[in-house]
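Residue numbers (my numbering), protein chains in the order written: chain Y, 1 to 221; chain F, 1 to 221; chain U, 1 to 221; chain A, 1 to 221. The beta-carbon is built from N, C-alpha and C at its ideal position, and this holds for glycine as well. What you are looking at is a predicted structure, and each value in this text was computed from that prediction instead of being measured. Reviewing the structure listed below.
There are 4 protein chains.
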Amino acid sequence: MVESVHRLIAGYKGFRARYYEQRPERMKELAEQGQSPEVMLIACSDSRVEPAVLLDIEPGELFIARNVANLVPPYGPDENPHGTSSAIEFAVRDLKVRHIVVLGHSACGGIQALRQANKGEPSEQGDREFIAPWMKIAEAACPCDAAGNVPGQEDVEQDSIRISLRNLMTFPWISSRVEAGELHLHGWWVDLLAGRLCAVEPNGGAVHDLVVGQGEFGAAE
Amino acid sequence: MVESVHRLIAGYKGFRARYYEQRPERMKELAEQGQSPEVMLIACSDSRVEPAVLLDIEPGELFIARNVANLVPPYGPDENPHGTSSAIEFAVRDLKVRHIVVLGHSACGGIQALRQANKGEPSEQGDREFIAPWMKIAEAACPCDAAGNVPGQEDVEQDSIRISLRNLMTFPWISSRVEAGELHLHGWWVDLLAGRLCAVEPNGGAVHDLVVGQGEFGAAE
Amino acid sequence: MVESVHRLIAGYKGFRARYYEQRPERMKELAEQGQSPEVMLIACSDSRVEPAVLLDIEPGELFIARNVANLVPPYGPDENPHGTSSAIEFAVRDLKVRHIVVLGHSACGGIQALRQANKGEPSEQGDREFIAPWMKIAEAACPCDAAGNVPGQEDVEQDSIRISLRNLMTFPWISSRVEAGELHLHGWWVDLLAGRLCAVEPNGGAVHDLVVGQGEFGAAE
Amino acid sequence: MVESVHRLIAGYKGFRARYYEQRPERMKELAEQGQSPEVMLIACSDSRVEPAVLLDIEPGELFIARNVANLVPPYGPDENPHGTSSAIEFAVRDLKVRHIVVLGHSACGGIQALRQANKGEPSEQGDREFIAPWMKIAEAACPCDAAGNVPGQEDVEQDSIRISLRNLMTFPWISSRVEAGELHLHGWWVDLLAGRLCAVEPNGGAVHDLVVGQGEFGAAE
């Protein structure tokens, strides 16, 4: 078994051979002329949701922020560091991307922690210092009713994408660009078990398939 | 020309064909049993520094946070959302990763903005609301001397990696694991022009090559 | 521009990094235990019809013979060397493959030469020494009528696949295995312009889609 | 487990998504304008020596003939079909390739059969009809001495590459182009266990590394 960090270094050697020695044109241009991606992606840190593999992208195509549960906080600049908002600002104001895609997924650990907390269940994550305040961003997607029930996992995942889309519109230099037709916001959700990619419409809208899954691995189409 | 968003959906179709219909074993196991990556990576949002391409990883291998300039803020839990710290907490305390790699790179736009600001130069980014407070995390890597000079771009990039490595050690559940030998921290920096991958030693240490570049694209070895 | 042969050597370096240093398990097993492919493919030498790219295969999966126009000569052992028949014999009798796929394609240069010759047109290939006798294998797919007309390019391509399927059945150790249900023969034809993959039924049967194309590049589904 | 033929069809779907819907430029150009590869490769049918994977090529780059043991017969046009010679003729005279690479490899089954036959050992392949006459092309690489010994496996593999290089020069339209500097012949041999790629010099020349292996899988450099 190759040790995990050596495996990454070997991976870089392969990248170097292919992108510098074998087909240098693309990286050379990117290194010399800088990036100009048309799309920003906000994705989860989950190792299974690797955007470059899922969307088969090349270097230079996507400006990507990744955090737990692919959340966008509401606009609120102050003297404190805001990682996701900084990435959004750089993408929109400096790089002038034309699309922002919020990409959620099934079986999200952050959403699981939020549901457990809101149900009042004891959880392994009970003593976590950062996860709970961070997941509060998606709080409205996970209300607890009088009987102590919360919405299902996928409902919370998809509704939290809608919250992030709404929060994006609270950034004044985003809403103005969206209204001018210069910037487009997209909510996507991927079902890891079925291999389905869905569009999540904003504001209580529907979820519809962009790429159909088959419900089972290896099923014939 | 294929429009950028349709290109991503087509990319997903290719992923689906390969990972669900053709070789379903790996994604099926990941979807059913959850993730268990051994390594967390903190990388820049820059579209040219696409970790899955640079390190040739498969889904399930790396838990990844991406923000502007791959920065780690110092430990400071409170009721506010902290995206990068949440991702680090989830990786270390829930997933129990054994390595954290901070991956920086040449020609970093966030570091460029920091250098311009500290030199007192007017910059396009002068009116940015989030970038400046975010880049303050790396402030100590970019002191301005009496003559108004700041260190070179690559020096600031590499020293800011050292700051992030130090900041990681301010998280009590990181320093205890590092001291117990259960968790290992790595600073890496990639030279986009030369295709070189370097290790950045902490605390004023050296920078040495992990994978040698050739200084020129397409050069024979 | 990287010179074509250096590009191949650089390509090998990338292969080496990935398959020997990064993920050695598969090649190590193949190198130590030998090959055991389940499928033999007979494909054209055409550089555009690269089976490993078209079918996304890994080392060890397909035993492949490639010649001009993916032809199988009829059974006829003698003391002369027969390259394609040797490959078929090794695949069937030594490796005991369970499937043979004859993969044809549109715009085949060998078929073009055959059609021109049979129409009596002068051709660039008029003085060729090997192409004409080789393409005679597919002669019956390209009859010239009294008016000097021959069937269309795609008809000849598809019918020549049927000839190869029939010729495979003239090998006694193939027909016996096919009749015993131990070996299965398949005729496939790929439309390079539309991106369509079709099954060609034997003996005058139909052509039907295995993977639908869209008739245009980049068209939305 | 996905059945082997369905796996190929799923692989084609992935190719279609990537090369027709996602990045159609390259295949569109190839389909419309035809192929113009600069290099012809003569490789073994062995499933482990998959040239597109070993050399990381894209459609359009290599015109490839594959047969058992990557052999080139001597020039000898007549009315019989000659598959490998036809492919060579098409590559050199029609496509005007500038390089021909003969790519051999370790643990070649065809060479094993030749060595056993020449040692007089009974072999599984004893009753083969096509392999023995085909492997006669490499006969001079495998002389049996008075004690019944033949050269080692790798020596025969490498010397048979030299025979193919010599046979290529018996084609008059090859030798004239080589002498005019318009066409270049290369002999390469890959060591599957060590991951080494070597150049085999013609006419009893040396074997030297093009890409160094490490002798062991996963070894650090």
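Notebook entry, point to check: Any idea if asparagine 70/F is buried or exposed, counting beta-carbon neighbours within 10 angstroms, 16 or more meaning buried?
Noted result: The Cβ neighbour count for asparagine 70/F, taken over all protein chains shown within 10 Å, is at least 16; the residue is labelled buried.
Check: Can you list the residues of chain U that arginine 18/F reaches, using a CB-CB cut of under 8 Å?
Finding: Going along chain U in sequence order, the residues near arginine 18/F (Cβ under 8 Å) are Asp56.
Item checked: CB contact check: valine 5/F to chain A, cutoff 8 Å -> Valine 5/F does not count as touching chain A.
Next item on the list: Would you be able to state if there are at least three C-beta pairs under 8 Å between the region 191–209 of chain Y and the region 201–215 of chain U?
Entry: The region 201–215 of chain U makes no contact with the region 191–209 of chain Y; the number of CB pairs closer than 8 Å stays below 3.
Checklist line | Limits of the beta strand (DSSP E) - the one that arginine 16/A falls within | finding: Boundaries for arginine 16/A: no beta strand (DSSP E) harbours it, while the alpha helix (DSSP H) harbouring it runs 4–16, taken from the DSSP string.
Check: Looking at the structure shown, is phenylalanine 90/U part of a helix, part of a strand, or coil, going by DSSP?
Finding: Looking at phenylalanine 90/U - three-state DSSP - the assignment turns out to be helix.
Item checked: Buried versus exposed call for alanine 146/A [16 or more other C-beta atoms within 10 Å across all chains shown] -> Classified as exposed, alanine 146/A has fewer than 16 neighbouring CB atoms from the shown chains inside 10 Å of its CB.
Margin query: With distance defined between alpha-carbon atoms, name the residue in Val190/F, Ala65/F, Glu139/F, Phe130/F nearest to serine 45/Y.
Written below: Ranking Val190/F, Ala65/F, Glu139/F, Phe130/F by Cα distance to serine 45/Y puts Ala65/F first.
Check: Can you list the residues of chain C that glutamine 112/F reaches, using a CB-CB cut of under 7 Å?
Finding: Looking for chain C here will not work: the only protein chains present are Y, F, U and A.
Check: Given 8 Å as the limit, is there contact between the region 88–105 of chain A and the region 156–164 of chain A, that is, 3 or more CB pairs closer than that?
Finding: Yes: at least three Cβ pairs fall under 8 Å.
Notebook entry, point to check: Does the Cβ-Cβ distance between glycine 164/Y and isoleucine 42/Y come in under 8 Å?
Noted result: Glycine is not the amino acid found at residue 164/Y; the sequence shown has serine there. Going by C-beta atoms, serine 164/Y is nearer than 8 Å to isoleucine 42/Y.
Check: Helix, strand or coil for arginine 115/Y per DSSP?
Finding: Reduced to three states, the DSSP call for arginine 115/Y is helix.
Checklist line | Nearest candidate by alpha-carbon position, reference lysine 28/A, set Ala194/U, Ser36/U, Cys198/U | finding: The residue with the shortest Cα to Cα distance from lysine 28/A is Ala194/U.
Next item on the list: Assign asparagine 149/F to one of three DSSP states: helix, strand, or coil.
Entry: Three-state result, asparagine 149/F: coil.
Checklist line | Range of the contiguous alpha helix (DSSP H) that encloses methionine 40/F | finding: No alpha helix (DSSP H) holds methionine 40/F; the beta strand (DSSP E) holding it covers 39–44.
Notebook entry, point to check: Taking the continuous beta strand (DSSP E) assigned at alanine 31/U, which residues delimit it?
Noted result: Element bounds for alanine 31/U: not the beta strand (DSSP E) but the alpha helix (DSSP H), 25–33.
Check: Around the Cβ of aspartate 56/A, are there at least 16 other Cβ atoms within 10 angstroms (buried) or fewer (exposed)?
Finding: Buried.
Checklist line | aspartate 78/A to arginine 128/U span [Cα, whole Å] | finding: Pairing aspartate 78/A with arginine 128/U, the inter-Cα distance amounts to about 11 Å.
Check: Which residues in chain U sit within 8 Å of glutamine 22/F, going by Cβ to Cβ distance?
Finding: Residues of chain U passing the Cβ test: Asp56.
Next item on the list: Figure out for me which residue from Leu95/A, Leu54/A, Arg166/A, Cys142/A has the closest Cα to the Cα of glycine 14/U.
Entry: The shortest C-alpha separation from glycine 14/U is found at Leu54/A.
Item checked: Closer than 8 Å to chain U by CB, alanine 91/Y -> Not one chain U Cβ lies under 8 Å of alanine 91/Y.
Next item on the list: Check isoleucine 57/U in the structure and name its three-state DSSP category.
Entry: Coil, per DSSP.
Next item on the list: Taking glutamate 61/U as the reference, give the member of Arg7/A, Pro59/A, Val39/A, Asn67/A with the closest Cα.
Entry: Selected option, being the one with the closest Cα: Arg7/A.
Note to self: Could you pull the DSSP bridge partners for valine 178/U from this structure?
What the structure shows: Beta-bridge pairing by DSSP links valine 178/U to no other residue.
Margin query: Which of the three DSSP states is assigned to glycine 187/F in this structure?
Written below: DSSP, read as helix, strand or coil, puts glycine 187/F in strand.
Next item on the list: Could you check what DSSP says for aspartate 209/A in three-state terms: helix, strand or coil?
Entry: In the three-state reduction of the DSSP assignment, aspartate 209/A falls in the strand class, which pools E and B.
Next item on the list: Verify the CB distance criterion: does valine 178/F have a CB-CB separation below 8 Å to chain Y?
Entry: The beta carbon of valine 178/F sits no closer than 8 Å to any beta carbon of chain Y.
Checklist line | Close Cβ partners of glycine 213/Y (< 7 Å) along its chain, the five nearest in sequence each way excluded | finding: Excluding five sequence positions before and after glycine 213/Y, the CB atoms of its chain that fall closer than 7 Å to its own CB belong to Asp191, Ala194, Gly195, Arg196, given in chain order.
Note to self: Check for me: the alpha helix (DSSP H) holding glutamate 64/A runs from which residue to which?
What the structure shows: The displayed chain sequence assigns isoleucine, not glutamate, to residue 64/A. Not the alpha helix (DSSP H): isoleucine 64/A falls in the beta strand (DSSP E), residues 62–67.
Note to self: Taking its Cβ as the centre, do 16 or more other Cβ atoms sit within 10 Å of serine 47/F, making it buried, or is it exposed?
What the structure shows: Buried: at least 16 other Cβ atoms inside 10 Å.
Next item on the list: Kindly indicate if chain Y contains any beta-carbon less than 8 Å away from that of proline 81/F.
Entry: For proline 81/F, the nearest CB of chain Y lies under 8 Å from its own CB, placing it at the interface with that chain.
Next item on the list: Express the C-alpha separation of phenylalanine 90/F and arginine 287/Y in angstroms, rounding to a whole number.
Entry: One cannot answer for residue 287/Y here, as it falls past the ends of chain Y, which runs 1 to 221.
Note to self: In this structure, how does DSSP classify glycine 195/F when only helix, strand and coil are distinguished?
What the structure shows: Three-state result, glycine 195/F: coil.
Checklist line | Environment of leucine 24/U [buried if 16+ CB atoms lie within 10 Å] | finding: Sequence inspection shows proline at residue 24/U; the leucine mentioned does not correspond to that position. Only buried fits proline 24/U, as 16 or more other CB atoms lie within 10 angstroms of its CB.
Notebook entry, point to check: What separation, rounded to the nearest whole angstrom, lies between the Cα atoms of leucine 228/A and isoleucine 174/A?
Noted result: Only positions 1 to 221 of chain A appear in this structure, which leaves residue 228/A out of reach.
Notebook entry, point to check: Under the DSSP definition of a beta bridge, which residues are partnered with leucine 103/U?
Noted result: Its beta-bridge partners are Ala43/U, Trp188/U.
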